[in-house]
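Shown next, in structure tokens, is the structure this report addresses.
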Amino acid sequence: MTTTSSRLAQADYSSLGGGPQPTEDYKPVRPISVTKNANPDWKYGQGATDNGSSLTKKHIEIDPYAPGRPMFHNYTLLISGIVPRPIGLTSTLSKDGKPNLAPFSYFQVVDHDPPVFVIGFSGRASGPKDTLKNLEETGECVLNVVSEHMMEAVNATSLDAPPGTSEWAISGLYKAPSSTVKPARVQESIFSIEGRLIQTVDYKTSRPSSGAHGKLAIIEGTRFWAREDAIDADGKHLDIDVLRPLGQLGDISYSRITDTFKLARSSWKAATKEHGETLKELARDGEGDKDEDKDS
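Position 255, counted from 1, in the sequence shown is what this note's numbering calls 825; the numbers after and before it change by one each time, with no gaps.
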């Protein structure tokens with residue numbers, strides 16, 4: 571039987587970074603290109619656009635709690651499979667006013683009215699991260715979107731520096747005043763959100779964690795800051811060509827946006843009007859539910 575301590579002992583984060591190493595210099599791409607979608611002639615019921623190739627592949631079942639499976643394997647699997655993940659560079663203050671700056675890829679917007687965001691904090695045997703501790707003590711933060719020009723500086727803020735070390739100084743990033751909260755926002759960030767903590771939620775799972783359990787912080791946005799060359803006149807849209815957001819991938823890899831495609835969403839009324847009885851037949855007789863077990 572694998573014990574908690576032995577599972578944690580196998581979590582060697584320094585092992586990340588294997589696989590092919592970079593051989594080319596970084597090349598900024600301007601502007602971001604816009605292409606057509608993969609199959610502009612796609613029809614309802616047609617399925618994936620790989621000519622059935624994915625239907626010939628087998629899947630492997632993985633039990634995250636299997637005896638002998640290290641917790642670290644779940645970590646490396648999930649960060650390589652749930653991609654790309656936006657990065658929230660989070661600024662907080664301790665109750666005695668000490669600043670902290672840390673990046674999180676377990677970060678997402680979950681609603682717009684009101685604007686609500688979440689940050690996931692993994693459990694640590696050594697105690698909660700400074701960001702979580704500060705959030706619970708003061709209830710305030712600033713969430714800063716990470717763009718390409720910030721990548722090295724943001725990476726520096728993830729150092730496991732000793733207590734009292736300033737991530738602002740290590741990264742070289744500049745502070746800018748906030749309006750509704752005390753923590754500073756990052757001047758270099760093209761889009762920042764001031765936020766107040768709504769609540770933190772303890773994870774209640776079907777199996778016990780291998781170490782200290784994690785928490786989810788739910789945050790309400792109280793003020794937006796957008797760089798004027800990135801935002802439109804109505805304050806409703808950011809130019810992706812200016813924002814240039816980074817995404818976190820598996821291992822120690824990141825993604826950037828070099829091209830996009832547009833795919834319009836339709837309505838049932840419009841779709842049935844355009845495609846006649848085809849769509850109605852698919853919905854009526856279940857021909858669209860292709861649930862054949864390809865892995866058996």
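Note that beta-carbon positions come from the ideal geometry of N, C-alpha and C, so glycine has one too.
Mapping the DSSP letters down to three states, classify residue i as helix, strand or coil.
i	result
L586	coil
T717	A small correction: the amino acid at residue 717 is Ser; Thr does not occupy that position in the sequence shown. Strand.
N670	strand
G791	strand
I649	helix
I689	strand
H845	helix
D681	strand
K850	helix
D829	strand
P750	The residue asked about is misnamed: residue 750 is Thr in this sequence, not Pro. Residue state, collapsed to three classes: coil.
V724	helix
I877	Outside the shown range of the chain, which is 571 to 866, sits residue 877, and nothing can be said about it.
E707	helix
I657	coil
L663	strand
T605	strand
Taking all protein chains shown into account, decide if residue i is buried (16 or more other Cβ within 10 angstroms of its Cβ) or exposed.
i	result
L612	For clarity, residue 612 is Trp in the given sequence; the question names Leu instead. With fewer than 16 other Cβ atoms within 10 Å, it is exposed.
S736	exposed
I630	exposed
R835	exposed
P753	buried
Y773	exposed
Q591	exposed
Per the DSSP calculation, residue i is bridged to which residue(s)?
i	result
G809	Position check: residue 809 holds Asp in this sequence, whereas Gly was assumed. Answer by DSSP bridge pairing: none, since D809 is not bridged.
A796	F761
Q591	Answer is none; Q591 lacks a bridge partner.
Y824	Q818
K745	V756
L786	G690 and V771
Measuring alpha carbon to alpha carbon, tell me which residue in the options is nearest residue i.
i	options	result
V751	Q591, T830, S585 and P669	P669
A608	G791, G846, I827 and D620	D620
Q868	T662, F687 and G651	Since the first residue shown for the chain is 571 and the last is 866, residue 868 is missing from the structure and cannot be characterised.
I740	E710, E844 and S728	S728
A787	E844, G765 and R793	G765
I810	V599, G587, E594 and S585	V599
M720	K699, Q757 and H845	Q757
K606	L833, W795 and V712	L833
R793	G784, G805 and H783	G805
Since residue i contacts residue j with CB under 8 Å, what's their CB separation in whole angstroms?
i	j	result
L816	R826	6 Å
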